[in-house]
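Engineer: For the sequence shown, position 127 (counting from the first letter as 1) is numbered 128 according to my numbering, and the numbering increases by one without interruption.
Got a structure here, written out as structure tokens. Questions coming.
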Amino acid sequence: MDKLIKKAAQDLALAKNVVALTGAGISVESGIPPFRGKGGLWEKIDPMEYAHINSFMKDPVTVWNVLLKDMKEIIDKAVPNKAHKGLARLEELKKLTTIITQNVDGLHQLAGNSDVIEFHGNFVWQRCMKCNSRCKTSEVDLSCIPPKCTCGGIYRPDCVFFGEMIDPDHLVRSRQAASACDIMLVIGTSVIVEPAAYMPVIAKENGAKIIEINPEKTPLTNSISDYIVMGTAGHTLQNIVNQLEILIES
Ligand code: NAD
Ligand code: ZN
2 MDKLIKKAAQ
12 DLALAKNVVA
22 LTGAGISVES
32 GIPPFRGKGG
42 LWEKIDPMEY
52 AHINSFMKDP
62 VTVWNVLLKD
72 MKEIIDKAVP
82 NKAHKGLARL
92 EELKKLTTII
102 TQNVDGLHQL
112 AGNSDVIEFH
122 GNFVWQRCMK
132 CNSRCKTSEV
142 DLSCIPPKCT
152 CGGIYRPDCV
162 FFGEMIDPDH
172 LVRSRQAASA
182 CDIMLVIGTS
192 VIVEPAAYMP
202 VIAKENGAKI
212 IEINPEKTPL
222 TNSISDYIVM
232 GTAGHTLQNI
242 VNQLEILIES
């Protein structure tokens, strides 16, 4: 057994308020590619060209064809993996209180977590740009691109495009959660995109321990992080939670 997996379980056993900050890496084992890194979507398309709100407003047909159609197909069929389930179990064990996620796939809620702050919104829903009504992405008809609401308005995903503001309520709630936790788990994120990247700093300044789970080092490693458990999210979290359950029972 990896020493750091045991150490993480021991730290969690003592913790009362754990917050997780998650990124695209936690959903890789659910078949959703990350944006950056190996196999990432950004290797194929330029984000500034296709994931910017100005591009969507100018040419929704192209953005739907090049980016959103594929995202819908992938996210429609994705299910929570061992990492999402591990975090749901940590909530059941009354350790984890809040997840701050940069992901838009809705898999934390599907796994059963109840307090999920979605910094970048949600791809599980589409919003009509004319009447503002919402429709499940899985139910949107793509036989006509861009898909349209019954009122004739174009559907856009309920997530934050580049060039759009993050909901200020989400920022306030995330800062509160980060400053109140005693452990922050930073899972599957390269911690580059602000303001999510700032949350571990807030947690650290308020006395929390920062534990990373990632197969690669990040800018937090050897600086803000107390330690990194190197490995894929599913396998690593499952092992940590198993160890924690043994500690709680003994
Ligand atoms: P990111 O910056 O969070 O980078 C991905 C990270 O995941 C890297 O550090 C990588 O080492 C790590 N990783 C890769 N495989 C892993 C695994 N199996 N287990 C644990 N960690 C793993 O994410 P990004 O791809 O640069 O995305 C930037 C933005 O786009 C974020 O807001 C992100 O959430 C969003 N996005 C969301 C989804 C989704 O909803 N699933 C998918 C792609 C991108
Ligand atoms: Zn409408």
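Note that the Cβ used here is the ideal one computed from N, Cα and C, for glycine as well.
1. Report yes if the CB atom of N123 is closer than 8 Å to the CB atom of V105, and no otherwise.
2. From G164, M200, P216, pick the residue whose C-alpha is nearest to that of K210; which is it?
3. Only counting the same chain, and skipping five residues up and downstream in sequence, which positions put a Cβ closer than 6 Å to that of G235?
4. K131: beta carbon under 7 Å from a heavy atom of the ligand ZN?
5. State the Cα-Cα distance for the pair V20 and A112, rounded to the nearest angstrom.
6. Is C145 close to the ligand ZN? I mean its beta-carbon at under 7 Å from any heavy atom of the ligand.
7. Looking at C-beta atoms only, is the number of pairs between the region 59-79 and the region 135-149 that lie closer than 8 Å three or more?
8. Which residues mark the beginning and the end of the alpha helix (DSSP H) in which F57 is found?
9. Considering only the alpha carbon of each residue, which of H109, K59, M49, L15 lies closest to G24?
10. Between the alpha carbons of E195 and V187, how many angstroms are there, rounded?
11. What did DSSP end up calling I27 once you bin it into helix, strand or coil?
12. Could you pull the start and end residues of the alpha helix (DSSP H) that G87 belongs to?
13. Check whether the Cβ atoms of I54 and F162 sit closer than 8 Å, and answer yes or no.
14. Can you check DSSP and say which residues form a bridge with M185?
15. Go to T102, then tell me how far its beta strand (DSSP E) extends in each direction, as first and last residue.
16. Roughly how many whole angstroms lie between the Cα atoms of K96 and K17?
17. Taking a contact to mean a Cβ-Cβ separation below 8 Å, would you say N215 touches I225 in this structure?
18. Quick check on the burial criterion: 16 or more other C-beta atoms within 10 angstroms. Buried or exposed for K45?
19. Name, in chain order, the residues that DSSP records as bridge partners for K137.
20. Just the C-alpha distance for D116 and I100, rounded to the nearest angstrom, thanks.
21. Just tell me which of V125, D227, N223 has its CA closest to the CA of I184.
22. Measuring alpha carbon to alpha carbon, tell me which of A181, G164, E217, P220 ends up nearest K205.
23. Judging by CA-CA distance, which residue of Q103, M130, S251 is the nearest neighbour of P35?
24. If you draw a straight line from the alpha carbon of I193 to that of R37, how long is it in whole angstroms?
Structural biologist: For this structure:
1. For N123 and V105, yes; Cβs fall inside 8 Å.
2. Per the Cα distances, M200.
3. Answer for G235: E30, N82, K83, A84, listed in chain order.
4. Result yes, Cβ under 7 Å from the ligand ZN.
5. Their Cα atoms are separated by approximately 16 Å.
6. C145 Cβ: outside cutoff for every heavy atom of the ligand ZN.
7. Taking 8 Å as the limit for Cβ pairs, the verdict is that the region 135-149 does touch the region 59-79.
8. Segment 54-59, the alpha helix (DSSP H) holding F57.
9. Nearest option by C-alpha distance: H109.
10. C-alpha separation (whole angstroms): 14 Å.
11. Three-state result, I27: helix.
12. Annotation: the continuous alpha helix (DSSP H) that includes G87 extends over 83-93.
13. For the 8 Å CB-CB criterion, I54 and F162 form a contact.
14. BP columns for M185 point to V20, I211.
15. 97-102 is the extent of the beta strand (DSSP E) around T102.
16. Spanning the alpha carbons of K96 and K17 requires a straight line of approximately 6 Å.
17. Going by C-beta atoms, N215 is not nearer than 8 Å to I225.
18. The residue is exposed, with fewer than 16 neighbouring Cβ atoms inside 10 Å.
19. DSSP output for K137 lists W126 as bridge partner(s).
20. About 6 Å.
21. Nearest of V125, D227, N223 to I184, Cα basis: D227.
22. Just measuring C-alpha positions, the residue of A181, G164, E217, P220 sitting nearest K205 is A181.
23. Sorting Q103, M130, S251 by C-alpha distance to the C-alpha of P35 places Q103 at the top.
24. The straight-line gap from Cα to Cα measures roughly 10 Å.
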